[in-house]
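Notes for the one structure printed next.
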Amino acid sequence: MSRVPYHLIEAGRKGIQREREREIMASPTTEDHSPHIGIDCINEETQQISEKDIVLEKGGEKDMAPLPGSSSIHRSSSRPQLDVSGAAIQGNFEEKDPTILLPNQSDDISHLALDIGGSLIKLVYFSRHADRQVDDRRKRKVKERLGVSNGSRRSYPILGGRLHFVKFETSKLNECLDFIYSKQLHCGGMDSRCWPSDAPQSENAVIKATGGGAYKFADLFKERLGVSIEKEDEMNCLVAGANFLLKAIRHEAFTHMEGHKEFVQIDHNDLFPYLLVNIGSGVSMIKVDGDGEFQRVSGTNVGGGTYWGLGKLLTKCKSFDELLELSQRGDNSTIDMLVGDIYGGMDYSKIGLSASTIASSFGKAISENKELEDYNPEDISLSLLRMISYNIGQIAYLNALRFGLKRIFFGGFFIRGHAYTMDTISFAVQFWSKGDAQAMFLRHEGFLGALGAFMSYEKHGLDDLMVHQLVERFPMGAPYIGGNVHGPPLGDLNEKISWMEKFVRKGTEITAPVPMAPPATTGLGGFEVPSSKGVLRPDASKLNVGVLHLVPSLEVFPLLADPRTYEPNTIDLSDHGELEYWFTVLSEHLSDLVDKAVASEGGTDDAKRRGDAFARAFSAHLARLMEEPAAYGKLGLANLLELREECLREFHFFDAYRTIKQRENEASLAVLPDLLLELDSMTEDMRLLALIEGVLAANIFDWGSRACVDLYHKGTIIEIYRMSRKKMQRPWRVDDFDAFKERMLGSGERKPQPHKRALLFVDNSGADIVLGMLPLARELLRRGTEVVLVANSLPALNDVTAMELPDIVAEAAKHCDILRGAAEAGGLLVDAMSNIQDGYKEDTPSVPLMVVENGCGSPCIDLRQVSSELAAAAKDADLVILEGMGRSLHTNYNAKFKCDALKLAMVKNQRLAQKLVKGNIYDCVCRYEPAS
Ligand SMILES: CC(C)(COP(=O)(O)O)[C@@H](O)C(=O)NCCC(=O)O
Ligand SMILES: [Mn+2]
825 MSRVPYHLIE
835 AGRKGIQRER
845 EREIMASPTT
855 EDHSPHIGID
865 CINEETQQIS
875 EKDIVLEKGG
885 EKDMAPLPGS
895 SSIHRSSSRP
905 QLDVSGAAIQ
915 GNFEEKDPTI
925 LLPNQSDDIS
935 HLALDIGGSL
945 IKLVYFSRHA
955 DRQVDDRRKR
965 KVKERLGVSN
975 GSRRSYPILG
985 GRLHFVKFET
995 SKLNECLDFI
1005 YSKQLHCGGM
1015 DSRCWPSDAP
1025 QSENAVIKAT
1035 GGGAYKFADL
1045 FKERLGVSIE
1055 KEDEMNCLVA
1065 GANFLLKAIR
1075 HEAFTHMEGH
1085 KEFVQIDHND
1095 LFPYLLVNIG
1105 SGVSMIKVDG
1115 DGEFQRVSGT
1125 NVGGGTYWGL
1135 GKLLTKCKSF
1145 DELLELSQRG
1155 DNSTIDMLVG
1165 DIYGGMDYSK
1175 IGLSASTIAS
1185 SFGKAISENK
1195 ELEDYNPEDI
1205 SLSLLRMISY
1215 NIGQIAYLNA
1225 LRFGLKRIFF
1235 GGFFIRGHAY
1245 TMDTISFAVQ
1255 FWSKGDAQAM
1265 FLRHEGFLGA
1275 LGAFMSYEKH
1285 GLDDLMVHQL
1295 VERFPMGAPY
1305 IGGNVHGPPL
1315 GDLNEKISWM
1325 EKFVRKGTEI
1335 TAPVPMAPPA
1345 TTGLGGFEVP
1355 SSKGVLRPDA
1365 SKLNVGVLHL
1375 VPSLEVFPLL
1385 ADPRTYEPNT
1395 IDLSDHGELE
1405 YWFTVLSEHL
1415 SDLVDKAVAS
1425 EGGTDDAKRR
1435 GDAFARAFSA
1445 HLARLMEEPA
1455 AYGKLGLANL
1465 LELREECLRE
1475 FHFFDAYRTI
1485 KQRENEASLA
1495 VLPDLLLELD
1505 SMTEDMRLLA
1515 LIEGVLAANI
1525 FDWGSRACVD
1535 LYHKGTIIEI
1545 YRMSRKKMQR
1555 PWRVDDFDAF
1565 KERMLGSGER
1575 KPQPHKRALL
1585 FVDNSGADIV
1595 LGMLPLAREL
1605 LRRGTEVVLV
1615 ANSLPALNDV
1625 TAMELPDIVA
1635 EAAKHCDILR
1645 GAAEAGGLLV
1655 DAMSNIQDGY
1665 KEDTPSVPLM
1675 VVENGCGSPC
1685 IDLRQVSSEL
1695 AAAAKDADLV
1705 ILEGMGRSLH
1715 TNYNAKFKCD
1725 ALKLAMVKNQ
1735 RLAQKLVKGN
1745 IYDCVCRYEP
1755 AS
């Protein structure tokens, strides 16, 4: 059973009572008498393939919530509860809010909030998975030495876990109840309105909910799930949800103009005031001045419900999405009266109206002798969509003007990520404000209310979460059809594989990459045709959001010169050519990777099945991103590479390159003693050069590079290493070695102070770490610099991990007293370290060699989200060395640090070499930048 660290809950329960009852000022406008205040009551019948099938797939009665009448649910036995037996404080008792290990805790603790609208039910739920953190000797030592505390954790616990976003049609409420029941989500909500406690569930179990359905269906929830609905005010929730998203999610808000999506970096200190426009069936416009400070200033009864209602009557469409789909093929000029119709085809340029501007929506119908049947449903739908979107955009702008607001955020499920709707609204805002105000959209557009309801649970600490503590992931196990990912992830491995196989059996192909439609331009005054045609997907109500992983221990790397302007990715994949290239590279790698992954799991039938499912799921995501690069937020190369690793883990391939790594480690360790002897025979100057050459040469062992993998067939590891070293002539393509040498060794009489502490971000296993980075570390140690090896927390390709490093260091230390002394001082070697070959024992304590994990499992690194260990180690560091293509070229090539920084890599890709350094494959980069 895995051990689950758990943080004191008690402190959290005793917080100050949160002020939640807020005044909503009624708008003085007549529109406000509308009962439709931004609530989803679009009576649509969209197909919710995902959720429906998840529940049905499971089939068995155990997953179904009891029907009315079948009184009690087996609440006490199957409910996840905290098992506090054997609980013990982990680590230092003096520490504030120490971690508590619950060795017998196995179940997830879940938490749920709902927004029950007229057409859709939105669920936000939290799951805290058993945190498989190992508290090994290395970690304990690092904690001791570096004083790693609870980082930025507050005085009450923020639990690590995941936030999931799911929606159901309100008409399928039973499926929603079954879903809640099958996941036991209702059992997390306890009677104290607080974060789930360890108290046994009472009859007063409560789920927070907002929206009209919270009133309408309260009895049904009580009857079917035995829980009470605690109603939360809808406006409160919308604002709380929007504020949380805008503060905590990095790429939440974006602009959408003429088919072009651009993420907007929101300065948290400059967020307020803004106008929040929530478009449900009706529309609410809320002026937001701060957390809990808002006023509903206006609204309109012409909203999503109007589009759907009128659309249904006029076109006989069966669902909202079908109506939206129709609009894609429409031409509204057949039914709208345009300026040109009135002015004989001319612009009315004096007042800035082009001939194509809509003068009167549906106006043509009055002068034509046509019946409803004579119009194309497509044209009607488009005309309606434009009428309503423009109108909302215009009213929103007028309200922004009224209150002097520059920023307008649009949310609500009316938008559905539909490009044309967003373009139309943006156009209206831009047109009327003459470019002064900007329309922005939210990725979690439909979940504002549900999130707000979730936030209203007291003291779970989530409202204080910061951007760097949230990691968004797009689970590869999500059911997908035709290459499109639908709905929430499937937790169970077998379920995931079945999904994949089911669609393969049905002959459903993974979609081939679809090039994006080139953005069309807009004439003055209006679009001729939808500029974003072709972007609408069959399932327009798709979820464009992933699961939010809450990792409270993540921190911003303290040595970044300016975290606000830091951008990890060097290559911008919003350039379509670039995306296409990397898409092809990753696709071509896939079969080889699957072979490795399957072999790493013994090549069994089960492994083959998983390998196949992995390949299909990953390809589907790639295809999706090709079609819509910003679908998962801002996309950089690092995200693509990480996606691949996450996808492997999703299908339980935890270390595909394990055997390769072991083999290369052994081969390299065997030649290490000779290398060390050779280095020790050199002068200081020569040795430093040889060491840097060694790092660059050994970086050739990269199983993520196609060219390199081809090379490995041509010789043994050591032969390739020697060949690579021989080719190391200076000047390298980027060559700051002389500047680095001067900082290290000085010039003439001047002998500089050694660095106090160096952080070495290491890359690959085998020669790279053993013959490259360890000898460099040894040199730094010899010169009196403390060395911290920073390695991956989880495997990625053939990268060495923090878990593997102590053994490698121990092996190397058998041949080297500097390494041995330092490793002992850093707590890396167990006292009983055996087999010391030269019998050397130093009396004076050495400078320490330590290992910390970086907090990620990718070949690249985003320094805005690193482990607390690494953040602590960085405090006294004055030198950062980043090694390898992933960490120093794909990411961080342009990163600026507060301390000296050295970036070392061999460029193992021709295109990158050309693009980044105007060079060729196998060129080397040695970029040194003194503290800025
Ligand atoms: C995945 C990698 C970043 C790993 O490189 P490393 O950091 O190990 O030097 C690199 O191998 C890569 O960019 N590969 C894809 C390109 C190719 O096959 O050429
Ligand atoms: Mn690597």
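FYI, the numbering for the sequence shown is 825 to 1756, going by this note's numbering. Don't be surprised by glycine CBs; every beta carbon is placed ideally from N, CA and C.
Under the DSSP definition of a beta bridge, GLN1262 partners with ARG1231. Between ARG962 and VAL1675, the gap from beta carbon to beta carbon is short of 9 Å. When rounded, the separation of the alpha-carbon atoms in THR1483 and GLU1753 is 37 Å. If you look at ARG1602, you'll find it in the alpha helix (DSSP H) that goes 1598-1606. Between the alpha carbons of SER943 and GLU1269 lies a gap of roughly 15 Å. With 16 or more other CB atoms across the displayed protein chains lying within 10 angstroms of its CB, HIS1242 is buried. The alpha-carbon separation between ALA1725 and TYR1390 amounts to approximately 15 Å.
The three-state secondary structure of MET1674, taken from DSSP, is strand. Here THR1540 is exposed. Its C-beta has fewer than 16 other C-beta atoms within 10 Å. ASN1622 has its CB nearer than 8 Å to a heavy atom of ligand 2. Relative to ligand 1, CYS1750 has its C-beta separated by 8 Å or more from all heavy atoms.
In terms of CA proximity to LEU1062, ALA1033 leads the group HIS1084, ALA1033, GLY1050 and LEU1459. Cβ neighbours of MET1081 within its own chain (closer than 7 Å, five residues either side excluded): ASP1247 and SER1250. In the DSSP assignment, GLY1135 falls outside any beta strand (DSSP E) and lies within the alpha helix (DSSP H) extending over 1128-1139. Cβ atoms of SER1205 and GLY1135 come within 8 Å of each other, at about 6 Å. Ligand 2 has no heavy atom closer than 8 Å to the beta-carbon of PRO1392. In this structure, the alpha-carbon of ALA1601 lies about 27 Å from that of GLU1466. For VAL1375, the closest alpha carbon among the candidates GLU1146, VAL1731, CYS1680 and ARG1735 is that of CYS1680. Not one heavy atom of ligand 2 is found less than 8 Å from the C-beta of MET1597. For THR1158, DSSP records no beta bridge to any residue. Closest in C-alpha terms to LEU1673, from the list ILE1642, HIS1714 and ARG1688, comes ILE1642. In this structure, VAL1380 places its C-beta atom within 9 Å of the C-beta atom of ALA1695. When the five nearest sequence neighbours on each side are left out, the beta carbons in the same chain lying within less than 7 Å of the beta carbon of PRO1630 are those of ARG962, LEU1652 and VAL1675, in order along the chain. Closest in alpha carbon position to VAL1253, among TYR1214, LYS1551 and ILE1685, is TYR1214. Inclusion of LEU1472 and LEU1417 in the CB contact set at 9 Å is warranted, their separation being smaller than that value. With contacts defined as CB atoms closer than 9 Å, PHE1078 and GLU1086 qualify as a contacting pair. In the DSSP assignment, the residues bridged to TYR949 are LEU936 and HIS988. Short note on LYS1732: C-beta closer than 8 Å to some heavy atom of ligand 1.
The shortest CA-to-CA distance from ALA1072 to any of GLN1089, ASP1057, GLU1058 and ASN1060 is the one to GLN1089.
In terms of Cα proximity to GLU1195, the closest of ILE1159, VAL1107 and LEU1208 is ILE1159.
As the crow flies, the alpha-carbon of ILE1632 is around 16 Å from that of ALA1522. In the structure shown, the three-state DSSP call for CYS1640 is coil.
Of HIS1084, ALA1066 and ASN998, the smallest CA-CA separation from LEU1044 is found for ASN998. Cβ-Cβ distances below 6 Å link ASP1592 to ALA1522, ASN1523 and PHE1525 in the same chain, with the five nearest sequence neighbours on each side left out; the list follows chain order. By the Cβ test, the region 1434-1444 is in contact with the region 1404-1422, since at least three Cβ pairs between them sit closer than 8 Å.
Straight through space, the alpha carbons of ASN1125 and LEU1222 are spaced by roughly 16 Å.
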